[in-house]
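Remarks on the structure that follows.
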Amino acid sequence: MKSILLFILLIGVSSGLTFAQKDIQSQINATAEKEYARLEQLYKYMHANPELSGVEKNTAALVAKELREVGFEVTENVGGYGVVGVLKNGVGKTILVRADMDGLPVKEETGLPYASKAIVKNEQGNELPAMHACGHDIHVSVMLGTAKAISLLKSQWKGTLVFIGQPAEETVQGAAAMLKDGLYTRFPRPDYCLSLHASASLPAGKVGFCPEYSMANVNSMSITVYGEGGHGAYPHTTKDPIVLSSYLITQLQTITSRQTSPLEPCVVTVGSIHGGSKHNIIPNEVKLQLTLRSYSEKVRQNTIESIKKIARGLGIAAGLPESKFPKVEIDNETGYALYNDPILTEKVVVSLKGTLGDKYVEKVPPVMAAEDFGELGKVQPSIPTFMYWLGTVSQEKYDESQATGLQMPSLHSSLFAPLPEPSIKTGIKTMTKAVFDLLGETNKKK
Ligand SMILES: [Zn+2]
Ligand SMILES: [Zn+2]
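In our numbering, the protein residues as written are 18 to 463.
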């Protein structure tokens, strides 16, 4: 009998998981399967009814209601429409799980039966078409499923969970606003912060990870280039801000190509330029909007300072009075790079591989997109954070893209159409087990 038991035990251990872990995993998987139908309804509701950054009132109410139902103590309106759910269950680690809730001002063109047709007001009160083009509705669905699954396992772990619905990710303001409103002082301070993000390039069923820097820091910048307008036929009597803006744009390219080490990522993109009203009028001003990306704070500061210097130099060269030198404004103060703590990454990757199998867990390269999740770890003392990519693309579309070289719709595209079922189920299974395993660190020590 003993030898049979030992044999069974050895098979269990040799396949990567112990029996106890397998039992936990099968309980988690069962919950994910059982809860899916209800979560799909919630997902499709959120997808059809997106809300823009800073005005996520209904989504926040939904998150609050769902977290309460599975036993979390919930506080609403933390840093705007932020929701904080706390589940205390004895002495142990404190784990924060974050889902962002906002949609984007994009008109959906996926043709899905539950596609958004919503026209909604943004924070400034302007009416815009809206869509969950970044998959934040997937994130919320996964977090709610995870809350349910982990709460059902309550007798098998000890510790504290802090599940947050974060507003205003797309404007890179929500995480900072929640911190400022006491996320770590009014509520338990986490030992680890976890999150996931929908991936538009990984097949559903797979997850991706990138240790250390995985997403860039971001600054939005506005520049107003002033001139002295006049008749287009008498340019010599004017100071033409359109010509000055053209100089400015070409000079800005040298920040990345000549001022930053080729080994350091740096992006300076002018995404919008507006000036003038008619063929033959030289305007008084031109407005530009820029996005700046890098990983290191040194590169970020150098980029900002260089833009200011180039703008000032342009004003001097044009012979403008100092009051009419280009005005440079930075729209956000923080926007830190997303840094995946290497030790935490390693721990969670072991868990992900245990849940899905090695071939469904892929190491992926860093990107220059930005995420404000990293801000949750940029506190004193710092908190290890880890965000992984959750595949959402159908295998057929993925294979087709690999074969033809045609790009699949990216995040923020009006055509981004994640596959809900395998994505949400994979999200719940992996996130719940990752949380459980991290909570288990203390349980093991006792
Ligand atoms: Zn986004
Ligand atoms: Zn996003």
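Ideal Cβ positions, reconstructed from N, Cα and C, are used throughout, including at glycine.
Quantities reported herein were computed from a predicted structural model and do not represent experimental measurements.
Exposed or buried, which one is residue i when buried takes at least 16 other CB atoms within 10 Å?
i, result
"GLU251", "Inspection of the sequence shows that residue 251 is occupied by Tyr rather than by Glu. Exposed."
"ASN297", "exposed"
"PRO300", "buried"
"ILE45", "buried"
"LEU423", "exposed"
"ASN234", "buried"
"ARG275", "exposed"
"SER427", "exposed"
"PHE468", "A query on residue 468 cannot be resolved here, the shown segment of the chain reaching from 18 to 463 and no further."
"ARG203", "exposed"
"ALA193", "buried"
"HIS214", "buried"
"LYS463", "Annotation note: pLDDT 41 at LYS463 (below 50); position unreliable, no value reported."
"SER505", "Examination of residue 505 is not possible in this model, given that the chain is present from 18 through 463 alone."
"ALA420", "exposed"
"SER172", "exposed"
"SER32", "Low confidence applies to SER32: its pLDDT is 49, below 50, so where it sits in the model is not reliable, and the reading given next is rough at best. That one is exposed."
"LYS315", "exposed"
"SER368", "buried"
"LEU305", "buried"
"GLN58", "exposed"
"VAL30", "Annotation note: pLDDT 46 at VAL30 (below 50); position unreliable, coordinate value reported separately. Exposed, by the Cβ-count rule."
"LEU219", "buried"
"SER216", "buried"
"LEU455", "buried"
"ILE136", "exposed"
"LEU23", "Any reading at LEU23 needs caution, since the residue's pLDDT is 48, under 50, leaving its predicted position unreliable; the model's value is listed next. So LEU23 ends up on the exposed side."
"VAL114", "buried"
"GLY371", "buried"
"HIS248", "exposed"
"THR277", "buried"
"GLN397", "exposed"
With a Cβ-Cβ cutoff of 8 Å, do residue i and residue j count as a contact?
i, j, result
"TYR230", "PRO383", "yes"
"MET404", "SER212", "yes"
"GLY191", "GLY96", "yes"
"LEU269", "ILE327", "yes"
"ILE400", "SER323", "no"
"SER70", "GLU144", "no"
"SER440", "VAL123", "no"
"MET148", "PRO67", "yes"
"GLY292", "VAL303", "yes"
"HIS153", "ASP198", "no"
"THR487", "TYR356", "The requested residue 487 is not part of the displayed model; the chain covers only 18 to 463."
"MET238", "ALA386", "no"
"ARG329", "ASN236", "no"
"ALA354", "GLY391", "yes"
"ALA116", "GLY222", "no"
"GLU363", "LYS110", "no"
"VAL101", "ASP389", "no"
"VAL157", "THR35", "no"
When DSSP builds the beta bridges, which residues end up paired with residue i?
i, result
"HIS248", "ILE298"
"MET148", "LEU121"
"THR177", "LYS105 and THR111"
"GLN183", "ASP117"
"TYR356", "TYR230"
"PHE403", "LEU211"
"VAL80", "According to DSSP, which records beta bridges pairwise, VAL80 is partnered with nothing at all."
"TYR243", "GLU302"
"GLY99", "VAL95"
"MET238", "LEU307 and ILE347"
"ILE290", "LEU305"
"GLU90", "VAL103"
Please tell me whether, using a cut-off of 7 Å, the distance from the CB of residue i to the nearest non-hydrogen atom of ligand 4 is below it.
i, result
"ASP154", "The ligand content of the structure shown is limited to ligand 1 and ligand 2, which means ligand 4 is not among them."
Taking a cut-off of 6 Å, which residues have a beta-carbon closer than that to any heavy atom of ligand 1, in chain order? Look at which beta carbons fall closer than 6 Å to any heavy atom of ligand 1; those residues are CYS151, GLU187, LEU428 and HIS429.
Given 8 Å, three or more beta-carbon pairs between the segment 234-250 and the segment 333-352: Contact between the segment 234-250 and the segment 333-352 is present, because at least three Cβ pairs lie under 8 Å.
Across the segment 161-181 and the segment 71-89, are there enough close Cβ pairs to call them in contact, namely three or more that are closer than 8 Å? The segment 161-181 vs the segment 71-89: in contact.
Take every Cβ of the segment 405-419, pair it with every Cβ of the segment 432-445, and state whether three or more of those distances are shorter than 8 Å. Two segments are said to touch when three or more pairs of C-beta atoms, one from each, lie closer than 8 Å; by this definition the segment 405-419 touches the segment 432-445.
Pair every Cβ in the segment 173-184 with every Cβ in the segment 103-111, then say whether three or more of these pairs are closer than 8 Å. Verdict: yes, contact present.
How about the segment 128-146 and the segment 50-69: do they share at least three Cβ pairs that are nearer than 8 Å? Yes: the two stretches touch, three or more of their Cβ pairs being nearer than 8 Å.
Hey, is the segment 39-58 in contact with the segment 444-452, meaning 3+ C-beta pairs nearer than 8 Å? With a cut-off of 8 Å, the segment 444-452 and the segment 39-58 count as touching, because enough Cβ pairs lie within range.
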